[in-house]
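Each position in the sequence shown, counted from 1, maps to that position plus 46 in this note's numbering. Report on one structure; see the data block that follows.
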Amino acid sequence: MELSRQQKAAVTHMGSPALVVAGAGSGKTRTLTAKIQYLISIGYDPKRILAITFTNKAADEMKTRLVQMTGLSINDFPWVRTYHSASYKILQRHCTLLGYKSPLQIYATYQQQKTIREILIRLDYDKKYVSAVIGEISNAKNFGNPMAYFDLHPRVSTVRLMDVYNLYEKELKDKNAVDFDNILTLTRDLLRNNPEIREKYRSWFQYILCDEYQDANNLNEELTRLLLSNGNFFAVGDDWQSIYSFRMSNINHFLSFSEKYKGARIFRLEENFRSADKIVKTGNNLIRHNDKKMDKRCFSAKKGGVVELHDFHDEYEEAAWVLRKIQNFREMGMACDKMAVLYRTKFSSLAFEKALRSAGIPYRMLGGKGFFERKEILDISCYLTAAVFSKDDVAFDRIINTPKRGIGPGALAKINQFRSGSMRLQDAARKSLEKK
């Protein structure tokens, strides 16, 4: 696929930071991978190019494309990663400088929930606030400054967040563990407080590229700037597609790019190659109401497209209408697997599920629990964790009676009686067996 004039201008630009403002369907990923291909063609080492994405899926797809485009091996692109993956690679190498040992343990959601629940009970707070507290602690870390965040958001109901946060962080450190957000905060601290480490990576990375830059939060931005030593920065994104403010993404990093990066160039990709013109025009008319945005004139050379707007009294009336549309499409010969129902939140699915079930129409739910949150995967993960990290009481507590082997609350209480001082649950279990 040939690059458009605007894409080629962005790809071949050198000498200063660049932001590509890429409308939907404008070939954003194609432009980003073409930039990396161009850098390699003029002598840059692919092993020294840091390309940041926001999901593992996007990173894998980018590496696959680059292999096809360059003829190189996938191993030639070790730094095409998510922020978390790149940060973890750096953190693992130097974690001893922060008082940790290698390997680091990464807490899964289950371990986070159990630890926070125990802390809430210890502080005499209601454990029903577990999810809300975890969410606020995550927000505080991604804000880039937990203390400042807790000044703005000190409580969840009666729960004083600072108290829970301090105990939670101590628990993680005691177990040589980090959670998903700690990977970023600790790497930031490592680079910020250790000039020799910071300079090592600054001199190593010849070029830094960032996909979906509109979703960068304060912590992501600070990490990027800590790793960047020159003007070799290429960011791609679309402020019109910024949807992660609830995860602390900060659109101002995108909008103020020219102010933050000296000599920055802005490139606009405005032609939508994916959608027909009526759909693009509808999107333009909707987004023009945004207060914070970069001006661009998105258009499509494809004629046609159908956009309908329907109002309903409630979700069940809406679901009934959707059901009738699906039935009409089936009568016209369209297969069910060619149709999709999209909704904003998972709570919206109930009305649609009821309607489809009542009509006997087969469907498949996408999303839901992630692979690593499934019970059987959590069990296996906790067995492996307990085998490697004997201090992890959370993992051992989960598997001590999984599968059931007659160790109920009573037996567990007896095991705990053997604990003294900072003795861990696994050691107490061994001690209880020795006493038999």
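Think of the CB as a built atom: it goes at the ideal place given N, C-alpha and C, for glycine as much as any other residue. Note that the structure is a prediction, hence the values are computed from the model and not measured.
Taking Cβ to Cβ, would you say Ile57 is nearer than 8 Å to Lys81? Reading off the sequence, residue 57 comes out as Val, not Ile. The answer is yes: Cβ separation under 8 Å.
Can you tell me whether DSSP reads Gln151 as helix, strand or coil? In the three-state scheme derived from DSSP, where H, G and I count as helix and E and B as strand, Gln151 is classed as strand.
Proximity of Leu198 and Arg234 at Cβ, strictly below 8 Å: Taking 8 Å as the Cβ cut-off, Leu198 and Arg234 do not qualify as a contacting pair.
With a threshold of 16 other CB atoms inside 10 Å of the CB of Glu363, please say whether the residue is buried or exposed. Under this definition Glu363 is an exposed residue.
Using the Cβ count rule (16 or more neighbours within 10 Å means buried), how would you classify His299? With 16 or more Cβ atoms within 10 Å of its Cβ, His299 is classed as buried.
What residue from Val387, Ala397, His359 and Leu230 has the CA that sits closest to Leu412's CA? When the alpha-carbon of Leu412 is set against those of Val387, Ala397, His359 and Leu230, the nearest one is in Val387.
Suppose you measure from the CA of Cys21 to the CA of Ala97; what does that come to, to the nearest Å? Because the chain here runs from 47 to 482, residue 21 falls outside it and cannot be looked at.
Need the endpoints of the beta strand (DSSP E) that Tyr253 sits in, please. Counting along the chain, the beta strand (DSSP E) containing Tyr253 begins and ends at Tyr253 to Cys256.
Can you tell me where the alpha helix (DSSP H) with Val176 in it begins and where it stops? Taken as a continuous stretch (DSSP letters only), the alpha helix (DSSP H) holding Val176 covers Val176 to Phe189.
Check whether the Cβ atoms of Ile254 and Leu274 lie closer than 8 Å to each other. It is a contact, given that the beta carbons lie within the stated cut-off.
Three-state secondary structure (DSSP) of Ser249: Ser249: helix per DSSP, three-state reduction.
Classification of Trp367 by the beta-carbon crowding that lies within 10 angstroms, buried from 16 upward: Around the beta carbon of Trp367, fewer than 16 other beta carbons lie within 10 angstroms, which makes this residue exposed.
Using the C-alpha atoms, what's the distance from Ile289 back to Tyr307? The straight-line gap from Cα to Cα measures roughly 24 Å.
Below 8 Å between beta carbons: does that hold for Leu166 and Tyr156? The answer is no: Cβ separation not under 8 Å.
On a CA-only basis, which of Phe196, Asp383, Asp337 and Cys344 is nearest Lys324? Give me that one, please. The residue with the shortest Cα to Cα distance from Lys324 is Cys344.
Secondary structure, alpha helix (DSSP H): runs of 4+ residues fully inside the region 298–328: Listed in chain order, they are 298–301 and 303–306.
Name the two residues that bound the continuous alpha helix (DSSP H) containing Val113. Boundaries of the alpha helix (DSSP H) harbouring Val113: Asn102 to Thr116, taken from the DSSP string.
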